[in-house]
Every structure is written in structure tokens, then in C-alpha cells.
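Colleague: Under this note's numbering, the sequence shown has 29 at position 26, and the numbering climbs by one with no breaks.
Idealized CB from N, CA, C, for every residue including glycine.
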Amino acid sequence: MLQCTAVTDVPFHEALLALATTEGGPEHPPDVLAEDEFLLCELGEHDEAAEHAAHLWAADVPGDDRDLWFLWTGSGSHRVYRFAALSLCPALLRDLANRTATSCAYFDHHPGPHSWAVTDPLGDLLAERVHGEVRRLTAEDDTGHP
């Protein structure tokens with residue numbers, strides 16, 4: 004499933020307050036978030052009834068698996084939003100052949116499919132271009148020629 008394409012600006016001062024008051028939050032919240040930052044919904048495509056969600060911070064608190072998320076519905080003057088510390092989704096995708104497990108990157112009871120089933124075509128394209136550029140630069144270093 005494709006990733007949701009909803010984008011919203013961040014209410015900067017409220018976001019700083021949420022980051023500062025989150026247990027295990029960053030020591031200096033302005034280093035985490037820019038004043039003109041925009042967030043992309045990280046969930047898979049979903050209907051209007053579900054909130055959009057963007058991950059803000061992974062708290063490092065022993066015994067607490069909650070992360071700070073920014074959730075919103077609507078847009079412009081009709082946007083309704085909230086900051087919430089939400090427990091992580093407990094779902095795991097097990098690969099028995101490789102003996103690995105992939106955790107869902109979303110919050111518990113999120114709408115739609117788990118994170119491993121959501122693809123971001125733009126992110127994939129950017130990653131492909133970056134990897135191509137790294138290969139090109141590495142090849143130049145090996146040959147000594149530009």
C-alpha cells in the first residue's frame with residue numbers, strides 16, 4: 004500500500020512545549036524541529052475518518068515504549084491537531100528463513116496496514132538517487148579520476 008500524502012505545517016511553539024514536557028524528550032527541542040517544518044503523514048493511505056500521524060520523538064525511558072506523535076485531521080483553518088505520547092504497535096513481521104523480526108514503526112491501534120506494508124515511492128526514488136551518487140563518488144575515488 005502507498006503512503007498517505009497528507010502534509011501539514013507544525014505549530015512550532017506547541018511542538019516545542021510537547022517535546023520539552025515529554026518524559027525522555029530531547030534536551031534542547033529547537034535542535035529537533037525547525038520553525039518552518041512540515042510533516043508528512045507516515046501511515047498508509049486511509050480514509051478521512053482516520054487521523055493523519057507523524058512521528059516526532061522516540062523517548063528513551065526504560066520500561067516505557069511510548070513515542071511522541073503529531074496527529075491531525077483536516078487542513079488549513081479546519082485542521083484539528085493534537086500531540087500524543089502513544090505506545091508502540093506490538094506487531095512483528097517474522098522472517099523465519101533469516102531468523103529476523105521487523106517491528107511496526109507506528110503506534111498501537113494505528114489505522115491501516117503496518118509500516119512494513121507501506122511504501123513511499125518518493126522516498127524510494129530519493130534513496131535510489133542517493134545510492135547512485137554514492138556509487139559514482141566511490142568509483143571516482145577508486146580510479147582517482149572525476
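(1) In this structure, how does DSSP classify Leu125 when only helix, strand and coil are distinguished?
(2) Which whole runs of the beta strand (DSSP E) in the region 7-71 are 3 residues long or more, in chain order?
(3) Alpha carbons only, please: which of Met4, Ala108, Ala18 and Glu26 is nearest the one belonging to Gly66?
(4) Under 9 Å, do His113 and Leu46 count as touching if we go by C-beta distance?
(5) Could you check the C-alpha separation between Val35 and Thr11 for me, to the nearest Å?
(6) Specify whether the region 6-23 and the region 73-85 touch according to this definition: at least 3 beta carbon pairs, one from each stretch, less than 8 Å apart.
(7) For Ala100, name the three-state secondary structure that DSSP assigns.
Modeller: Short version:
(1) Correct three-state label for Leu125: helix.
(2) Listed in chain order, they are 10-12, 41-43 and 55-61.
(3) It is Glu26 whose Cα lies nearest to the Cα of Gly66.
(4) Yes, the Cβ-Cβ distance between His113 and Leu46 is below 9 Å.
(5) For Val35 and Thr11, the distance between alpha carbons rounds to 17 Å.
(6) Contact holds: three or more Cβ-Cβ distances are below 8 Å.
(7) Looking at Ala100 - three-state DSSP - the assignment turns out to be coil, as it is neither helix nor strand.
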